[in-house]
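Its first residue numbered 1, the sequence shown is counted upward by one per residue in our numbering.
The C-beta atom is built at its ideal place from N, Cα and C for all residues, glycine as well.
To start, the structure itself, in structure tokens.
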Amino acid sequence: MSEPLLHVDDLTIVFPGGRGALPWQKLPDVRAVQHASLVIDAGDTLGLVGESGSGKTTLGRAVLRFLQPDSGSIRLGDFDVTGFGRRVPTAYRKSVQVVFQDPVGSLNPSMVVGAIIAEPLRIHFDMNAGAARNRAGELLEQVGLQRHHLDRYPHEFSGGQRQRIAVARALATEPDLLVLDEPVSALDVSTQSQVINLLERLQRETGTAYLLIAHDLAVVRHTCHRIAVMYHSRIVELGDADDICERPTHPYTDLLLASIPDPDPAVQKVKSQRRRELAQGIAGASGRAPADSCPFAERCPHALDVCRESFPEPVATAAGGTVWCHLHTSGPQLGGRPVSELSTRSNAVRDAVAREAVAAPDV
Ligand SMILES: Nc1ncnc2c1ncn2[C@@H]1O[C@H](COP(=O)(O)OP(=O)(O)OP(=O)(O)O)[C@@H](O)[C@H]1O
Ligand SMILES: [Mg+2]
């Protein structure tokens with residue numbers, strides 16, 4: 001088997017707390033990412049999902065080497081990213097590019113689109129002005145815009161078009177990895193699917209790997225080969241995208257899936273019950289779990305005493321992924337099987353719905 005393109009191993013990033021309102025007050029440090037490990041194969045997409053503040057962007061920024069982690073390592077191909085000194089090699093900047101959520105903020109408003117896309121071409125390929133403009137025109141066409149758009153300013157485009165320009169600029173350096181930080185969150189639903197389809201097509205054409213950051217499993221579900229689920233600085237589940245979405249093994253992944261609305265009323269009934277169950281835990285959650293406990297313990301309807309005492313060791317799931325959850329080794333001892341096997345009220349509703357469907361088959 002060939003080596004993965006990106007290796008993130010045991011990554012920890014802590015932001016110092018800084019000063020409080022009073023001179024003697026010191027705010028607590030923010031543990032943004034703790035012991036995170038993941039890999040991305042060349043040409044693959046890994047979805048990194050989790051709610052706001054879970055550390056997704058911080059992990060992405062470390063991969064981009066916009067910040068230096070406190071411990072752990074990052075390797076991309078032959079680059080030892082965490083071993084770089086203060087100066088990041090230009091070759092690395094060429095290999096990894098980024099597209100941010102906000103296409104307005106990420107495109108220089110005082111430059112025409114042709115100059116925005118030509119800039120990385122001139123830096124990384126040493127192209128002259130004519131060649132760079134020509135290539136910028138090709139890239140615009142590749143993302144579904146036209147050559148005459150080269151002479152327009154970013155404010156003359158819609159949000160979806162601006163995101164296409166940001167993608168064209170990022171792909172200009174022919175990167176091995178593209179970090180996409182919530183690339184469609186600011187767009188309306190139909191534009192979202194256009195941009196996602198575009199990203200999928202470009203990946204087939206260019207073979208670029210993606211780290212796709214999103215807070216919504218619905219966005220990444222059909223786009224990613226693999227998914228890593230993050231909760232409060234920890235990766236809690238990692239595996240094949242279909243397996244994670246069909247047979248989640250972590251209660252938090254289950255909650256994320258229950259939050260995706262379903263057009264089928266019977267399925268929605270089960271999801272609503274499950275959301276209510278999980279919401280009962282939220283009321284008591286302070287969001288300040290001890291560093292070495294499971295951060296989801298305060299919200300988890302199945303939490304055991306051990307969940308508040310230690311963060312679990314990784315467990316291999318039946319489907320070939322990895323889960324960090326004590327339920328698999330203590331208490332019900334799921335042993336890598338889906339969390340839906342636990343008896344909860346929502347599962348009782350699910351079973352009742354299934355029984356009703358058998359009793360009254362569609363005619
Ligand atoms: N430069 C910084 N200084 C201090 N704390 C930071 C800094 N950047 C992020 N944090 C904190 O680190 C934690 C993780 O933030 P991060 O932006 O990575 O979350 P996220 O998962 O990307 O959230 P969102 O979905 O809202 O973008 C948060 O508690 C945030 O407040
Ligand atoms: Mg973010």
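query                                                                                                                   : result
Cβ pair count under 8 Å reaching 3, the segment 27-42 against the segment 59-74                                         : yes
Every unbroken alpha helix (DSSP H) within the segment 235-318, with a cutoff of 4 residues, ordered by chain           : 241-246, 251-258, 265-284
Through-space distance from HIS124 to THR173, alpha-carbon basis                                                        : 7 Å
Residue range of the unbroken alpha helix (DSSP H) whose run includes THR90                                             : 90-95
Rounded straight-line distance, which links the Cα of PRO261 to that of SER272                                          : 9 Å
Exposure of HIS155, with buried meaning 16 or more beta-carbon neighbours within 10 Å                                   : exposed
Sequence-distant residues of its chain with Cβ nearer than 8 Å to LEU64 (five each side left out)                       : VAL96, VAL98, VAL179
Whole-angstrom C-beta distance between LEU238 and LEU38, which should lie under 8 Å                                     : 6 Å
Reference PRO4, options ASP29, GLN146, GLN268, ILE74, closest by Cα                                                     : ILE74
Proximity test, ALA228 beta-carbon vs ligand 1 heavy atom, cut-off 7 Å                                                  : no
Unbroken beta strand (DSSP E) run spanning SER37, endpoints                                                             : 30-40
Beta carbon shell of ligand 2 at less than 7 Å from a heavy atom                                                        : LYS56, THR57, ASP181, GLU182, ILE213
Near ligand 1: GLY83 beta-carbon under 7 Å from a heavy atom                                                            : no
Residues of its chain near GLU200, where Cβ-Cβ distance is below 7 Å and the 5 sequence neighbours each way are ignored : THR223
Identity of the residues DSSP links to ARG226 by a beta bridge                                                          : LEU46, ASP240
DSSP bridge partner residues for SER73 (one or two, in chain order)                                                     : ASP9
For VAL363, three-class secondary structure by DSSP                                                                     : With a pLDDT of only 43 at VAL363, under 50, the local geometry of the prediction cannot be trusted, and no value is derived from it.
Cβ-based neighbour list, LEU27, same chain, cut-off 6 Å, excluding 5 preceding and 5 following                          : GLY17, GLY18, GLY20
Contact check, PHE79 vs ASP181, beta carbons under 8 Å                                                                  : no
Which listed residue (LEU22, THR208, CYS294) has its alpha carbon closest to that of ALA42                              : THR208
Alpha helix (DSSP H) runs contained entirely in the segment 120-186, provided each spans 4 or more residues             : 129-142, 159-171
Cutoff 8 Å; reference ALA285; Cβ partners in own chain excluding five residues on either side                           : Note that ALA285 scores 44 on pLDDT, short of 50, meaning its location in the model is unreliable; the coordinates nonetheless yield the value given after this. If we look at ALA285 and ignore the five residues flanking it on each side, its Cβ neighbours are GLU298, ARG299.
Alpha carbon of VAL14 to alpha carbon of GLN194, nearest angstrom                                                       : 37 Å
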